[in-house]
Amino acid sequence: MAIIVEKPGVDGLIEAVDALREWQGEGSPWQLHPGDLGWFWRFGAETAAAAIRIWRRDGRILAVGLQDGADLLRLTTAPDARQDEKLARRLVEDVIEPERGVLPPGKVAIEAPKDALIRDLLPARGWRAGEPWTPLHRDLTEPVKAPELRIEVIGPEQAAVRAEVQRAAFDGSKFSAERWQAMASGVPYADARCLVAYDDHDNAVATVTVWSAGPGKPGVIEPMGVHRDHRGHGYGRKITAAAAVALQKLGASSAVVATPSSHVAAVATYESGGFQRLPEVRDLARDA
6 MAIIVEKPGV DGLIEAVDAL REWQGEGSPW QLHPGDLGWF WRFGAETAAA
56 AIRIWRRDGR ILAVGLQDGA DLLRLTTAPD ARQDEKLARR LVEDVIEPER
106 GVLPPGKVAI EAPKDALIRD LLPARGWRAG EPWTPLHRDL TEPVKAPELR
156 IEVIGPEQAA VRAEVQRAAF DGSKFSAERW QAMASGVPYA DARCLVAYDD
206 HDNAVATVTV WSAGPGKPGV IEPMGVHRDH RGHGYGRKIT AAAAVALQKL
256 GASSAVVATP SSHVAAVATY ESGGFQRLPE VRDLARDA
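Under this note's numbering, the first residue of the sequence shown is numbered 6, with each subsequent residue one higher.
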């Protein structure tokens, strides 16, 4: 059967979430997670659906891509299709030909699992190793100690506080209570929690959102940040520990996160929060 690529509507977006849940597993290489779609849902379901591409054969979803911004495609496949040559060649053609509409012309990058055949095929078409990322992993099969800090699970009433800490943690962020509401209305958020940490003076000092893929599967942190006015007090380490506790309560087998290797402080924060650094991974990049 021929492989087809789709730009799905909201129903297809939900199908993509279900496929990504199924594909998560311990020991799998770093890959697109349903939580990544959940975080993107903050822009609304229709915008999230417009950013998704689905590749199918005989009705079955074989690959899912998220255009995360103008120049990055985050791509993964069903585990048993990673070395499927016909799929890999179709993916290559779809992402390198601008008229196919998956990626724009010019400087772009692709994130794909390290065992995906597409990574072996793209360099012959002029692609190179791109930005290095550091994945980190924390096993959740053993009890996790909660931090000595007030942590609140955020609901609609506290969405403005959650949004304020996000903007104060990430320069240029436009996150708002309305975007939190959009995110929380998405299908992936049924397996997610937003947390905010407070200091002894009731200041909101850090925040994190965690996404489970279901019991016995890795959960992901996306995003975690500390308010710029409250850094240097260990709140990053403590909110990271709180994230692990939340994921454990959701039944996740582990907590995973990836950050640019250039963000040395972020890597150190996760390590101090009990995460183990894994070997670096790189995007594949095209310069023109």
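Cβ coordinates follow ideal geometry from the N, Cα and C atoms, glycine included. Keep in mind the model is a prediction, meaning the values are calculated, not measured.
According to the DSSP assignment, V192 belongs to no beta strand (DSSP E), since it is labelled neither H nor E. The segment 92 to 141 contains, as complete beta strand (DSSP E) runs of 3+ residues, the segments 113 to 116 (chain order). In the DSSP assignment, E157 forms a beta bridge with V201. Burial check for V250: the Cβ neighbour count within 10 Å reaches 16 or more, so the residue is buried. Contact annotation: P84 and L283 have beta-carbon atoms that are not nearer than 8 Å. Distance from the CA of A197 to the CA of A50, rounded to the nearest whole angstrom, comes to 17 Å. Where L78 is concerned, the enclosing beta strand (DSSP E) starts and stops at 77 to 82. Put simply, of H206, G237, V170 the residue whose alpha carbon is nearest the alpha carbon of T214 is V170.
Linking P39 to A21 through their CA atoms gives a straight-line distance of about 8 Å.
Around I9, the same chain offers W60, R61, R62 as residues with beta carbons nearer than 8 Å, after the five sequence neighbours per side are excluded. In this chain, the beta strand (DSSP E) harbouring G224 covers 223 to 231.
Residue burial is scored here from C-beta neighbours: A209 has at least 16 other C-beta atoms within 10 angstroms and is therefore classed as buried. Here DSSP, grouped into helix, strand and coil, assigns Q171 to helix. In this structure G70 touches L80 by the C-beta definition: roughly 4 Å separates them, less than 8 Å. The C-beta separation of L145 from S258 comes to about 6 Å, placing the pair in contact by the 8 Å criterion. Around the CB of E116, 16 or more other CB atoms lie within 10 Å, so the residue is classed as buried. S277: member of the alpha helix (DSSP H) spanning 269 to 277, first to last residue.
Counting other Cβ atoms within 10 Å of its Cβ, E227 reaches 16 or more and is therefore classed as buried. Around the beta-carbon of S267, fewer than 16 other beta-carbon atoms lie within 10 Å, marking it exposed.
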